[in-house]
Amino acid sequence: TNKFKEGLTKTRDAFVGQVTDLFSRRKKIDEAFFEELEEILIGADVGVNTVMELIEDLRDEVKKRRIEQPSELQPILSEKLVGLLTESDESSQLKMNPNGITVILFVGVNGVGKTTTIGKLAHRFKQEGKKVLLAAGDTFRAGAIEQLQVWGERVGVEVISQQAGSDPAAVMYDAVQAAKQRGVDVLLCDTAGRLQNKANLMEELSKIYRVIQREIPSAPHETLLVLDAATGQNALQQAKLFGEKSGVSGLVLTKLDGTAKGGIVIAIRREMSLPVKFVGLGEKMDDLQQFDAEQFVHALFA
Ligand code: GDP
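FYI, the UniProt record's numbering numbers position 232 of the sequence shown as 250, with every residue one higher than the one before it.
So, in structure tokens, the structure goes:
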């Protein structure tokens with residue numbers, strides 16, 4: 019919870035400061051009150067559709083429970099936010115292979131924090147006593163392989179790679195073989211993130227899927243789409259673009275520490291039928307938190 023609190027400082031200062039101010043300053047719940055609340059929520063990137071629903075909901079509660087004081091409404095707002103985030107029962111738990119190698123694929127546009135997330139997650143698994151291997155499947159972006167190797171050294175896990183420009187599916191094949199030989203528990207695979215050529219990218223991904231599945235039929239066990247929360251509504255657009263098409267099973271929202279618009283988590287959760295598995299709260303190894311809706315909202319309001 020402390021990690022969440024620290025990492026969400028910017029969002030908390032902006033969003034919660036405003037909300038708390040609104041709830042204490044206004045003496046009654048009227049149109050002006052709802053209008054101001056609406057503005058604050060939209061400003062935090064909660065998303066227009068979601069905000070409209072939320073406000074309607076709050077109006078109903080006010081009527082139903084005959085609430086008069088804004089202060090009585092604040093706990094109901096946080097309850098509603100938790101509700102929005104936990105609505106579907108998909109869990110933030112990663113799906114693991116119960117009998118063999120767990121393969122996790124990472125997809126997402128360049129610069130969103132894919133490599134960093136892989137490094138952080140490798141560290142996390144290692145701390146749990148698991149044997150981890152990384153696959154440098156982004157053979158396209160200059161420096162991507164080296165960057166993953168730096169993380170591999172930092173965390174103390176091996177990286178399987180080939181030369182820049184080589185076939186990512188071949189790297190994956192090597193990586194799966196190596197994982198089998200070395201008795202690896204978790205294989206984390208980087209992939210290319212260029213978006214200029216979406217058709218090619220999807221083709222490349224399906225080839226990677228085929229190669230992995232030929233070797234481990236139940237794999238990949240997760241395909242995580244990494245999104246930069248600081249890009250706000252842009253992240254939501256990327257989520258829709260990559261979306262359910264590329265077999266994405268969950269989301270990682272990075273750089274929440276760098277934005278005052280943490281409300282984007284709610285917008286994305288709401289508009290995509292995909293669970294948020296992790297959030298990035300900084301650049302260091304330990305700055306990755308498993309997503310927990312209640313902790314998240316409590317960290318915002320505490
Ligand atoms: P990739 O191109 O998707 O692999 O992105 P990188 O992993 O190279 O990350 C791009 C930049 O974002 C780097 O400078 C990272 O240190 C930074 N970054 C990644 N995740 C986070 C995060 O959760 N918080 C902050 N503040 N920076 C992050």
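Yeah, the Cβ is synthetic: ideal placement off N, Cα and C, and Gly gets one too.
Whether residue i touches residue j by CB criterion (9 angstroms)
i, j, result
"ARG30", "LYS21", "no"
"LEU91", "PHE33", "no"
"GLU240", "LEU112", "yes"
"VAL202", "GLY155", "no"
"VAL204", "VAL173", "no"
"ALA210", "PHE143", "no"
"ALA247", "VAL283", "yes"
"PRO93", "LYS46", "no"
"LEU245", "ALA257", "yes"
"GLU222", "LEU254", "no"
"LYS279", "GLY61", "yes"
"LEU72", "LEU318", "no"
Residues bridged to residue i [DSSP beta-bridge criterion]
i, result
"LEU242", "PHE124 and GLY268"
"ILE178", "ALA153"
"LEU102", "DSSP output for LEU102 lists no bridge partner at all."
"GLN308", "PHE296"
Residue span of the alpha helix (DSSP H) that contains residue i, given as start and end
i, result
"ALA153", "Note, ALA153: premise wrong, no alpha helix (DSSP H); beta strand (DSSP E) at 150-153."
"PHE296", "Note, PHE296: premise wrong, no alpha helix (DSSP H); beta strand (DSSP E) at 294-298."
"LEU254", "251-260"
"ALA197", "186-200"
"MET114", "Counting along the chain, MET114 falls outside any alpha helix (DSSP H), and DSSP gives it neither H nor E."
"ALA50", "49-61"
"SER291", "No alpha helix (DSSP H) holds SER291; DSSP gives it neither H nor E."
Element boundaries [beta strand (DSSP E), containing residue i]
i, result
"VAL204", "204-207"
Proximity test, residue i beta-carbon vs ligand 3 heavy atom, cut-off 8 angstroms
i, result
"ALA162", "For the structure depicted, ligand 3 is absent and the ligand set comprises only ligand 1."
So does the segment 124-141 actually touch the segment 74-82, counting three or more Cβ pairs closer than 8 angstroms?
-> With the cut-off at 8 angstroms, the segment 124-141 and the segment 74-82 do not touch.
Given 8 angstroms, three or more beta-carbon pairs between the segment 131-144 and the segment 228-240 = no
Does the count of Cβ pairs from the segment 266-275 and the segment 286-296 closer than 8 angstroms reach three?
-> yes
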